[in-house]
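Going down the list, the protein sequences come from chains A, B and C.
Going by our numbering, 423 is the number at position 51 of the first sequence; the sequence numbering is gapless.
Going by our numbering, 360 is the number at position 378 of the second sequence; the sequence numbering is gapless.
Going by our numbering, 520 is the number at position 16 of the third sequence; the sequence numbering is gapless.
By construction, the Cβ of each residue, glycine as well, lies at the ideal position given by its N, Cα and C atoms.
Keep in mind the model is a prediction, meaning the values are calculated, not measured.
Structure first, commentary second.
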Amino acid sequence: MTAQLVQYLLTGVTIGAIYALVALGFALIYNASHVINFAQGEFVMIGGMTTVSLVNLGLPLPLAIVLAVAAATLVGLALEKFAVEPARGASVVTLIIITIGASIFLRGVAQMVWDKKLHALRPFTGEEPIAVLGATILPQSLWVLGVTLLVVVTLTWFFGRTLAGKAILAASHNRLAAQLAGVNVRLVLALSFALSAALGALAGILIAPITLTSYDVGVMLGLKGFAAAILGGMGSGIGAVAGGLTLGIVEALGAGFVSSAYKDAIAFIILLAVLFVRPSGFFGARGAERV
Amino acid sequence: MPRPHLSRKLCALAAGAAFALSAASTALAQQPIRIGAFLSVTGPAAFLGDPEQKTLEMVIERLNASGGVLGRKLELVSYDDSGDAEKARTFAKRLIEQDKVDVIVGGSTTGATMAVVPLVEHAGMPFISLAGAVVIIEPVKKWVFKTPHTDRMACEKIFVDMQSRRISKIALISGPGGFDKSMRGQCLQVAPKYKIEVAADETYGGGDTDMSAQLTKIKSTPGVQAVLNAGFGQGPAIVTKNFRQVGMSVPRYQSHGVASKEFIKLAGEASEGVRLPAAALLVADTLPGSDPQKKVVVGYKNDFESRYKQDVSTFGGHAYDGLMLAVEAMRRAGSTDKARVREAIERTKGFVGTGGVVNMSAADHLGLDLSAFRMLEVKGGNWTLVQ
Amino acid sequence: MSNWRSGRTGGLAALATAIALLPLALVNNYYYEVAILVGLNAIVCVGLNLLIGYAGQISLGHAGFFGLGAYGSAILAVRYGWPSAAALAATTAAVGLLAWTVGRPILRLRGHSLAMATLGLGIIISIVVNTEDRFTGGPDGMSVPPFALFGLTLAGERTWYWVIGALLLASVWLALNLIDSPAGRALRALHGSEVAAQASGIDAARHKLLAFVVSAMFASVAGSLTAHYSGFITPSKVSFLHSVELVTMVVFGGLASTFGAVIGAAVLTTLPQLLTALKDYEMAVFGAILMATMIFFPRGFVPTLAAWLARAPR
């Protein structure tokens, strides 16, 4: 029984870490522009698929990873420049539709550039499962957890200690004040998209050896990342991580102890329950509404 | 009677009639035979629709290059329904009403096929489905045929093999798709007939990336001697990998839904020893020369792989069979008249396809039996025949 | 105010004329099919527009209500032998009740939390439909008998076309009346500023709930009719993607514009049929068109067009 519980927790934490990375991407862009970027999931897809292609062409894995993240970052910047910036000032709903259009466009291009099949990426350091407390964990899962932790620590340092990070935070709190203080808010926006895309791509690359990747893998992962971001409090970094881990664990426990068919439903019901009690999520700011 | 005049007039009339007739038939000969198709080329069933589309294009090209059918060229009109049954229905209506095709070969998924059945029955259009569930041909519908083996046949073939290995208690794990659910239902239904008890029945979700939770539950169920994964798409590959991760070692069976080299590539080393029922197409090269299917499967495999540089799959094979059944029926009927073609398809006997040897009848619109399925096992990273 | 009235009757007359004259261009049953699908989508969008455009809320789960309508009618007719009209009425009432029950807590949320909550609701409904295959036939779907009323069956594309056309007119008329009623004005005030509206004595919660329930019932009716028309229903109509499609149609056509919702439905239902010639490029082109239209017509098709026309006398 404990062995089962441990297995479920390990599974949950692994997938939860991926949701956390995707959720961080949502949070970053939301903070910078109040846009919910529905194309976030496609960054995840681009990261995984690009790495697979580059590795198949013969590049060593580390180089392929770096190039894939760079490619996704470029796509993120292009998205900001060509789709979001021209529509600044439009209503929230319009911006949502634009990002939805972008996600459809990216998927359409992906299926032309690559194909519609599933692809496997070889695990970074082997596939022999490691025994832990009666359950097993894959080495790749350790990579997922390790890298996510590293990312969270780095981002905390970046936003807390560096001038660039503080500028981004300032712009998200009050755009006008930040501009007056000399912050280049256009650059901040571009930077947020770039960073968000890089995070998404990283998530896609980390998880590809475990779950396989294909041109439409971004849809579900994007959705779950979004849910995690809301659960944790949209816009909060800590919230994104907490939301992601919670979602992953609830899913795994639901599948294991209640019903695997309904596990997604269970996760969403819990999400709804949390929102009813705390509409702004775990760590979201209790909004004060301006009249 | 001024006979010379009459006979001359008669001659002129006859000549004129003959001329008109040949002009008309030439005109008719110029009109291509239109083959309609609606396939799930994109979306969750792209695994099916993509090789089906490629096969139809390839075979029609070859047929045209060697003179066409009944002296006419073939033209393919195909649409992508992205796995959505509603879209499939609209496209089928388009094929019938707008494009006015002569026959429809398509319907990658059971949902899409069943949505279209009322349309083809009403319009009197011969329709050869490429989907798996037994409900498509049971009860028999006048205008609907199918080429893939049914999911019930897959269950039976697997159970027969299990009996030979003295397995009587198994665990079932399946996904959310129509294919999975249909096959799971069939397996649960026929298991008692083969004295097999299903002790555990787990399921996983669509985009699921890890099934170790479900497998752990199966592992802790006492007495399980084998695991049957009635699945299709990416799920089975992940299940196979997870299997090794949770440390299980009992015999594993997969469905014909993953009968392709892709599965072995995706599941990697973990796929060694997995068994599944499949068409002879997968082991085309190692078939003995005396096998009645050898020539057809080797020919199709070589054509497909050299043209598209990707591994052959049984789903493409079903499309090949569907198209060739229609074409052969047209040749035998000597026309593209829909009623005659339908009758000819129903009378198909001894047709050698990639899926088996087809013998249809008014009560059997599939024409295959259990011997059309071969039991295969993964050995050394390749599919091999189980003797 | 008089502007409104002439705009309203003028618009209704134009729509009625369009519906009456369109069959001249519909050369075969396939064309009729597309027209009928446009009509069905338009009915949902007109209702959804009340919620998104006028009440200023968002729902990413309306395919759930559509699906409940479809499956409700189908299950009552097939598994329990109910007559179609009774099944339709009962299902619509049930969906309205569900929307009312679930709507009260959900509508206390704002912005993206509301989006997430409606999305979650839609997904939960979708999962239930997919899993309970004993009732719903699961992912492979189920057959639905034709719609029968007083011994007459609705069959054939032409008959359905007139039925859906009439229903669309009725829906638009109903929506326009609602918007112009005191309830509708309260809704519009809410959209402008919820706090200010509340300060003027408007019960925000009640009015938001009204819009939610009405839009859910519109979707449910359209769902039931789609099931009878197609003769077959599958869970793809209950999916998140379908919810997104519906919102896209409403926003594309123009928020707070009932006729915009109709036009949005018309364009986005017909466009994929036109793009089939592009084969592999279809998805990319569709996404590009969507992005470009929203970037250049940020307020939606109809309002932007109306603004151009207003500036036109030159």
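- Across the region 460 to 479 of chain A, no CB contact with chain B closer than 7 Å is found for any residue.
- The region 509 to 559 of chain A contains, as complete alpha helix (DSSP H) runs of 4+ residues, the segments 511 to 533, 535 to 545, 547 to 552 (chain order).
- ILE556: these are the residues of the region 538 to 560 of chain C whose beta carbon lies less than 8 Å from some beta carbon of chain A, given in chain order.
- Contact between VAL209 (chain B) and ILE200 (chain B) holds, with the beta-carbon distance rounding to 6 Å and staying under 8 Å.
- Neighbours of GLN35 (chain B) across chain A, judged by C-beta separation under 8 Å, do not exist; the nearest C-beta is about 11 Å away.
- Rounded to whole angstroms, GLY88 (chain B) and LYS488 (chain A) show a C-alpha spacing of 19 Å.
- In the same chain as SER513 (chain A), and ignoring 5 residues on each side of it, the C-beta atoms closer than 6 Å to its own belong to THR386, in chain order.
- Contact between VAL256 (chain B) and ALA266 (chain B) does not hold, since their C-beta atoms are separated by about 19 Å, which reaches or exceeds 8 Å.
- Residue environment for VAL441 (chain A): buried (at least 16 other C-beta atoms within 10 angstroms of its C-beta).
- In this structure GLY605 (chain A) touches PHE655 (chain A) by the C-beta definition: roughly 4 Å separates them, less than 8 Å.
- Contact annotation for PHE736 (chain C) against chain B: ALA67, GLU68, ARG71, GLY93, MET96, ALA97, VAL98, VAL99, PRO100 [CB-CB distance below 9 Å, chain order].
- Contacts with chain C at 8 Å (Cβ-Cβ) do not include ASP487 (chain A).
- Close CB contacts of LEU396 (chain A) within its chain, under the 6 Å cut and outside five residues either way in sequence, are with LEU571, ALA612 (chain order).
- With a threshold of 8 Å between beta carbons, LEU493 (chain A) makes no contact with chain B.
- Within the model, the alpha-carbon separation for GLN216 (chain B) versus LEU643 (chain A) is close to 27 Å.
- Listed as beta-bridge partners of ASP346 (chain B) by DSSP are B:SER343.
- When DSSP states are grouped into helix, strand and coil, ALA266 (chain B) belongs to the helix group.
- Rounded to the nearest angstrom, the gap between the Cα atoms of ALA569 (chain A) and GLY420 (chain A) is 12 Å.
- Using a Cβ distance threshold of 8 Å, VAL85 (chain B) and PRO100 (chain B) do not count as a contacting pair.
- If you check each beta-carbon in the region 378 to 410 of chain A against every beta-carbon of chain B, the ones closer than 9 Å belong to GLN379, TYR380, LEU382, THR383, GLY384, THR386, ILE387, ILE390.
- DSSP places GLY419 (chain A) in no beta strand (DSSP E) but in the uninterrupted alpha helix (DSSP H) bounded by 412 to 428.
- With distances taken between CA atoms, PRO130 (chain B) lies nearest to B:PHE161 out of B:PHE161, B:VAL228, B:PHE141, B:LEU154.
- Residues of the same chain with a CB within less than 7 Å of the CB of VAL789 (chain C), apart from the 5 flanking positions on each side, are LEU779, LEU782 in chain order.
- Annotation: Cβ neighbours of ALA624 (chain A) in chain B (cutoff 7 Å, chain order): ALA195.
- Neighbours of PRO649 (chain C) across chain B, judged by C-beta separation under 7 Å, do not exist; the nearest C-beta is about 11 Å away.
- With respect to the 8 Å criterion, LEU490 (chain A) and VAL407 (chain A) are not classified as neighbours on the basis of their beta carbons.
- Counting only runs of 4 or more residues that sit fully inside the region 627 to 704 of chain C, the alpha helix (DSSP H) segments are 637 to 640, 661 to 684, 686 to 696, 698 to 703, in chain order.
- Residues of chain B whose Cβ lies closer than 7 Å to the Cβ of PRO643 (chain C) are, in chain order, GLY93, PRO158, GLY159, GLY160, LYS163.
- Only residues of its own chain outside the window of five on either side were considered, and among them ILE78 have a CB closer than 6 Å to the CB of ALA105 (chain B), listed in chain order.
- A residue is called buried once 16 or more other Cβ atoms fall within 10 Å of its Cβ, and ASN556 (chain A), having fewer, is exposed.
- Non-local C-beta neighbours of LYS283 (chain B) in its own chain, meaning closer than 7 Å and more than five positions away in sequence, comprise LEU263, ALA266, VAL294, ordered along the chain.
- In the structure shown, LEU564 (chain C) falls within a coil segment according to DSSP collapsed to helix, strand and coil.
- Any Cβ of chain C closer than 8 Å to the Cβ of LYS128 (chain B) would place that residue at the interface, and such an atom is absent.
- A straight-line Cα-Cα distance of about 21 Å links VAL368 (chain B) and LYS151 (chain B).
- Residue pairing by DSSP places ALA212 (chain B) opposite B:SER156 in a beta bridge.
- In this structure, the straight-line span from the alpha carbon of PHE410 (chain A) to that of HIS746 (chain C) is close to 15 Å.
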